[in-house]
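What follows is a single structure, written as structure tokens, with notes after it.
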Amino acid sequence: MDKKTALHHFKEHHFRPLLETELDRLEAQFHHNQAGLISDFKQSFKDLCIHIQSMQQQGLKEPIGYIHYSFLRTQILEQSYLYMVEAYSADWYEDHSDCKLTYDASWAYARMSVMSETLEQRRKIYMGAINSADVERLILESAPFFHSFVDSLIRLAIAESVQTPAYQAIHKAKRLLIRTGEYRDISENLYVWDQEPLPADEVIEKLMQSNEEEPYVYENLKLLSLPHLQQFQQDLRYNDFSYSDLRGIQFDSCILMGTRWQQANIEGGSFKGCLLVDADFRYSHLKGVNFGEASGRGDRKDGRRTPGLCGLRFEHANLDGADFTNVHSFEHAYFEGASMHGTRVPRIYQQHWKLSDEQQQSIAWTE
544 MDKKTALHHF KEHHFRPLLE TELDRLEAQF HHNQAGLISD FKQSFKDLCI
594 HIQSMQQQGL KEPIGYIHYS FLRTQILEQS YLYMVEAYSA DWYEDHSDCK
644 LTYDASWAYA RMSVMSETLE QRRKIYMGAI NSADVERLIL ESAPFFHSFV
694 DSLIRLAIAE SVQTPAYQAI HKAKRLLIRT GEYRDISENL YVWDQEPLPA
744 DEVIEKLMQS NEEEPYVYEN LKLLSLPHLQ QFQQDLRYND FSYSDLRGIQ
794 FDSCILMGTR WQQANIEGGS FKGCLLVDAD FRYSHLKGVN FGEASGRGDR
844 KDGRRTPGLC GLRFEHANLD GADFTNVHSF EHAYFEGASM HGTRVPRIYQ
894 QHWKLSDEQQ QSIAWTE
């Protein structure tokens, strides 16, 4: 068997099945230990903010414009799963005043160590056609799949993390972005803060001008008054609409994956036919909202687990009279503390959702 054939066989019959198994195990651990993981992250974030504040008090750090969580492939090969967490001024990489700590993500990457040891043993049956360097390359290829769990955890934890006094005390630039990705490579926004809210007229104009080539995504749309806004088939993924007045909005068949709506007023609105996977509606006012035909379907192909790890979050929201008729893939939805008087829900979800006795009795179950 030549090397090319051996590698193909090794990937198909050993690497990929093992990767799926380990990711499934990690996903189960992620959901089971989520509260503790969030608590640990919040403490780590608090430590970073205290460090930033200390440097700023000494005149060593300008107002913060970027906080970046980076994974490093070299450390992964050394089985050191510490993320580098760096705070920059608005100059980003041009800011040479080092302000960094680490975040221990071994909870997510420990399964990679198991994979590496297993694959190292299995390669030996190929009689020298596959070497340790080949195994290392495959392990590095899988790194983004494990990183997606860290990404999802930060998304779940960051809204509460930025409410802490430690974060509030640091001096910030006019815009602050919290991002994650590979070190000094492609990264994405997890949280956006602006010193001054964007004018509602400007936001509406940008929303109306957005298209498939230039979607309006990853933006801070908090604290806006946009009642009765109408959007059709727009890509608005990962925008943050928290604390906004959105009464009566009509979003039809829009891509809203990873959007935040915490403490927003969306009474009487509609998300008919929208993709809502990983959307966060915690503490929002959703009385009478129409979720009909919306989808929470995540990505489960070739090792990918995101979007879909965060689930749909409705904890402590007011869902009285809301309509979930004909929603799809809403199995991973969370409703702790939510008011659900007269909420229309297909009975199929009764076996999937963890509901209190009061919620069970308040819901208007449909067939």
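Using the working numbering, the letters of the sequence shown correspond one by one to residues 544 to 910. Beta carbons: idealized from backbone N, C-alpha and C, even for Gly.
Roughly how many angstroms lie between the CA atoms of residue 572 and residue 687, to the nearest whole one? In the sequence shown, counting from the first residue as 1, residue 572 sits at position 29. In the sequence shown, counting from the first residue as 1, residue 687 sits at position 144. Whole-angstrom Cα-Cα distance: 18 Å.
According to DSSP, is residue 568 part of a helix, a strand, or is it coil? Sequence index remark: in the sequence shown, residue 568 carries index 25 (1-based). Helix.
Please classify residue 828 as buried or exposed, where buried requires at least 16 neighbouring CB atoms within 10 angstroms. Taking the first residue of the sequence shown as position 1, residue 828 is located at position 285. Classification for residue 828: buried.
Residue range of the alpha helix (DSSP H) that includes residue 747: Taking the first residue of the sequence shown as position 1, residue 747 is located at position 204. First-last of the alpha helix (DSSP H) with residue 747: 743-752.
Bridge partners for residue 907 per DSSP, in chain order? For the purposes of this step, residue 907 is taken as the residue at position 364 of the sequence shown. Looking at the DSSP assignment, residue 907 forms a beta bridge with 887.
Taking the straight line between their C-alpha atoms, what separation do you get for residue 776 and residue 758? In the sequence shown, the residue the question calls residue 776 occupies position 233. In the sequence shown, the residue the question calls residue 758 occupies position 215. Using only the alpha carbons, I get a separation of about 11 Å.
Enumerate in chain order the residues of its own chain whose CB-to-CB distance from residue 813 is below 6 Å, with the five nearest sequence positions on each side excluded. The residue labelled residue 813 in the question sits at position 270 within the sequence shown. Result list for residue 813: 793 and 833, in chain order.
Compare the Cα-Cα distances from residue 581 to each of 546, 699 and 868 and report the closest residue. As a position in the sequence shown, residue 581 is number 38, starting the count at 1. That would be 699, whose Cα lies nearest to the Cα of residue 581.
Between the Cα of residue 864 and those of 875, 885 and 746, spot the shortest distance and give me the residue it belongs to. Taking the sequence shown and counting its residues from 1, one reaches residue 864 at position 321. Among 875, 885 and 746, the Cα nearest to that of residue 864 belongs to 885.
Where do the ends of the alpha helix (DSSP H) carrying residue 700 lie? Taking the first residue of the sequence shown as 1, we reach residue 700 at position 157. 675-704 is the span of the alpha helix (DSSP H), which, as asked, contains residue 700.
Three-state secondary structure assigned by DSSP to residue 896: Residue mapping note: residue 896 aligns to position 353 of the sequence shown, counting from 1. Residue 896 falls in the coil class under three-state DSSP.
Can you tell me where the alpha helix (DSSP H) with residue 652 in it begins and where it stops? As a first step, residue 652 must be located in the sequence shown, where it is residue number 109. Its alpha helix (DSSP H) spans residues 649-665.
Quick one: is residue 763 buried, meaning 16 or more other Cβ sit within 10 Å of its Cβ, or exposed? The count along the sequence shown starts at 1 and reaches residue 763 at position 220. It counts as buried.
Report the rounded CA-to-CA distance for residue 601 versus residue 693, giving the unit in angstroms. Position 58 of the sequence shown, counted from the first residue, corresponds to residue 601. Position 150 of the sequence shown, counted from the first residue, corresponds to residue 693. The straight-line gap from Cα to Cα measures roughly 32 Å.
Quick one: grab the DSSP three-state call for residue 793. Position 250 of the sequence shown, counted from the start, is the residue given in the question as residue 793. Three-state result, residue 793: strand.
If we call anything under 8 Å between Cβ atoms a contact, is residue 565 one with residue 627? Mapped onto the sequence shown, residue 565 falls at position 22. Mapped onto the sequence shown, residue 627 falls at position 84. Cβ distance not < 8 Å, so residue 565 and residue 627 don't count as in contact.
Identify the continuous alpha helix (DSSP H) that holds residue 584 and give its terminal residues. Here the question's residue 584 lines up with position 41 in the sequence shown. Element bounds for residue 584: 577-600.
Sorted by chain position, which residues of the same chain lie with C-beta nearer than 8 Å to residue 569's C-beta, five sequence neighbours on each side aside? Reading the sequence shown from its first residue, position 26 is the one you call residue 569. So the list reads 651, 654, 689 and 692, once near-sequence residues are dropped.
Under the three-state DSSP convention, the category residue 777 falls into: Residue 777 sits at position 234 when you count from the first residue of the sequence shown. Residue state, collapsed to three classes: coil.
If the criterion is Cβ atoms closer than 8 Å, does the pair residue 889 and residue 867 meet it? Stepping through the sequence shown from its first residue, residue 889 is reached at position 346. Stepping through the sequence shown from its first residue, residue 867 is reached at position 324. Yes, the Cβ-Cβ distance between residue 889 and residue 867 is below 8 Å.
Return helix, strand or coil for residue 668, following the three-state DSSP convention. Numbered from 1 along the sequence shown, position 125 holds the residue referred to as residue 668. Three-state DSSP puts residue 668 in a helix.
Please classify residue 728 as buried or exposed, where buried requires at least 16 other C-beta atoms within 10 Å of its C-beta. In the sequence shown, the residue the question calls residue 728 occupies position 185. Answer is exposed; the Cβ neighbour count stays below 16.
Who are residue 788's beta bridge partners in DSSP? As a position in the sequence shown, residue 788 is number 245, starting the count at 1. Per DSSP, 768 and 808.
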